[in-house]
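Here the structure comes first, spelled out in structure tokens, and everything after it is commentary.
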Amino acid sequence: MLLLPAFLILGLLAGAAHFLALRENTRLYLEGRRHWLALAVQLARLTASSILFVLASLQGTGPLLAAALGFLLARAVVLSRLAGAAP
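Note that the UniProt record's numbering gives residue 78 to position 78 of the sequence shown, counting from 1, and the numbers run on in steps of one.
Right, here's the structure in full:
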């Protein structure tokens, strides 16, 4: 049962990193320069998230759902925090 809180926390951390990197990724693409860096950030972001969910799924349904819940909660937190900081 200790896996569920651990994967919830991992999901929160991975989700926060994912969505903050998405903001940076979008900025890089919109600048129109350094497309290789934007592509590298995108690849790293998607790879890290995929690894989390694969590892969670290997532990069972509960850890996978806990990781997904943490990921979605992180999305809501990051979006609400960034909404006030929009240029």
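The C-beta atom is built at its ideal place from N, Cα and C for all residues, glycine as well.
Between residue 67 and residue 10 a beta carbon distance of about 6 Å is seen, short of the 8 Å cut, so the two are scored as contacting. Here residue 2 carries a coil assignment [DSSP, helix/strand/coil].
Fewer than three beta-carbon pairs drawn from the segment 69-81 and the segment 37-46 are found closer than 8 Å, and the two stretches are therefore not classed as touching.
Residue 83 sits exposed, since fewer than 16 C-beta atoms from the chains shown fall within 10 Å of its C-beta. Taking C-beta atoms as the reference points, residue 28 and residue 37 count as a pair closer than 8 Å.
Non-local C-beta neighbours of residue 49 in its own chain, meaning closer than 7 Å and more than five positions away in sequence, comprise 14 and 18, ordered along the chain. Per DSSP, the unbroken alpha helix (DSSP H) holding residue 75 starts and ends at 61-83.
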